[in-house]
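Take a look at the structure below.
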Amino acid sequence: MTPPDETQQPIRVIINAGAGTAGGSALAVTIADAFRARGVRADVRAAASGTALEAIIRDAIAAHPRALVAGGGDGTVSSAASVLAGTDIALGVLPLGTLNHFAKDLRVPLELDAAVQCIVDGHTALVDVGEVNGRVFINNSSLGLYPDMVRDRERQQRRLGRGKLNSLLWASVAAFRRWPFMTVVLDVDGMHRRYVTPLVFIGNNEYQMQGFEIGMRERLDSGKLSIYVVRKPGRAPLIWLAVQALVGRLRQARDFDSALASACSIETRHARLLVSTDGEVSMMSSPLHYRIRARDLRVFLPPSPV
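In terms of our numbering, the sequence shown opens at residue 1 and continues consecutively.
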């Protein structure tokens, strides 16, 4: 075992005790030991809630550590990234959530010891983040069907005590029973287009939208947002579209319009609307102004191109 350098400022590690495989204080000890075994001191803090997580992140940033490591799912990593974007502090990722999209797209190892080693090795690169009305996102943002389902799912979990998967199923059924369509005017590079659509999806860099790589990104430093607008006109075609998406058979020309741009705006008939950013839902004012913040976040990753 390599003894840690006690004269060096410790790496700050923040874990979400409620995320996926996270396990609170026991996991904090395991992570600290994993860094110590590699000669690195790590100050590990566990957050019991989203509010506590944000407070711990800001407290850690105030100390200006040489690195900040976020352990949890995409929501935890997004919270840390929103504070670190535009600074010279590097973000490390310990994938402790359920899906870990950001970590997978960066090719960060999903196994804990390997992810710790990735941070200790010290290889960093600059990647893009997206922004909507001042709010940063690392993966994607959407409006329409998805944020409506997430809000309903959270309400069922809170009021009815249902599990996450069960709540999502019931929320999906309820969303399809309502008329899940909205009128939007999309402005991309000065070109205006009107849609009646159930879903607008804005990605940080380009997503693969067909085949077995659906939802994956080849790179995170292209300096572009990917914009997808579903254009199925009714409930039955929309359900069929969802089935096709699940089996990887979406076809762009038939099912949705897409574009790549450094910025775009979306206007609706409503003054305020629900918008999801990395799975978190909030109310925002229309119009929505999206932009890419090119190479604004420094991250630890394996020594290979992003």
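Heads up, the beta-carbon is just placed ideally off N, CA and C, and yes, glycines get one too.
In the DSSP assignment, the beta strand (DSSP E) including residue i goes from what residue to what residue?
| i | result |
| --- | --- |
| Val230 | 225 to 230 |
| Phe201 | 199 to 204 |
| Ala259 | 256 to 261 |
| Leu273 | 272 to 277 |
| Phe300 | 288 to 300 |
| Asp187 | 182 to 188 |
| Ser141 | 140 to 144 |
| Asn100 | Taken as a continuous stretch (DSSP letters only), Asn100 belongs to no beta strand (DSSP E), as it is neither H nor E. |
| Arg135 | 135 to 137 |
| Val307 | Only positions 1 to 306 of the chain appear in this structure, which leaves residue 307 out of reach. |
| Arg12 | 11 to 16 |
Could you check if residue i is buried or exposed, using at least 16 other CB atoms within 10 Å of its CB as the buried criterion?
| i | result |
| --- | --- |
| Thr190 | Note that residue 190 is Gly in the sequence shown here, rather than Thr. Label assigned to Gly190: exposed. |
| Leu246 | Below a pLDDT of 50, predicted positions are generally treated as unreliable, and Leu246, at 48, falls in that range; no measurement from the model is reported. |
| Asp128 | buried |
| Ser282 | exposed |
| Val29 | exposed |
| Ala62 | exposed |
| Val196 | exposed |
| Asp88 | exposed |
| Asp278 | buried |
| Ile292 | buried |
| Leu53 | buried |
| Gly223 | exposed |
| Ala271 | exposed |
| Glu111 | exposed |
| Arg217 | buried |
| His192 | exposed |
| His123 | exposed |
| Ala22 | Confidence at Ala22 is low in this model, with a pLDDT of 48, below 50, so its placement is unreliable and the value that follows should be read with caution. By the 10 Å Cβ count, Ala22 comes out buried. |
| Asp59 | exposed |
| His101 | buried |
| Pro303 | exposed |
| Leu186 | buried |
| Ser79 | buried |
| Ala46 | buried |
| Gly144 | buried |
Between residue i and residue j, how many whole angstroms is the CB-CB distance? I'm expecting something under 8 angstroms.
| i | j | result |
| --- | --- | --- |
| Val229 | Pro147 | Val229 to Pro147, Cβ: 15 angstroms. No contact. |
| Ala81 | Leu94 | Going by Cβ atoms, the distance from Ala81 to Leu94 rounds to 14 angstroms, so no, they are not a contact pair. |
| Gly75 | Glu280 | 6 angstroms |
| Ile227 | Val188 | 6 angstroms |
| Ser286 | Leu273 | 6 angstroms |
| Leu301 | Ala114 | Not really, about 12 angstroms apart at Cβ, beyond 8 angstroms. |
| Gly72 | Leu96 | 5 angstroms |
| Asn133 | Met284 | 5 angstroms |
| Ser11 | Ala70 | Sequence check: residue 11 is Ile here, not Ser. At roughly 11 angstroms, the Cβ-Cβ gap does not stay under 8 angstroms, so Ile11 and Ala70 are not in contact. |
| Ile57 | Val77 | Contact flag wrong, Cβ pair sits at about 11 angstroms. |
| Val200 | Ser142 | 6 angstroms |
Go to residue i, then tell me how far its alpha helix (DSSP H) extends in each direction, as first and last residue.
| i | result |
| --- | --- |
| Leu124 | In the sequence on display, residue 124 carries Thr and not Leu. Where Thr124 is concerned, there is no enclosing alpha helix (DSSP H), although the beta strand (DSSP E) it sits in stretches over 124 to 132. |
| Val120 | 112 to 121 |
- Any chance the region 31 to 39 sits against the region 114 to 121, with 3 or more Cβ pairs inside 8 angstroms? yes
- Task: With a floor of 3 residues, list each beta strand (DSSP E) that falls wholly inside the region 47 to 96, ordered by position along the chain.
- Result: 67 to 72, 90 to 95
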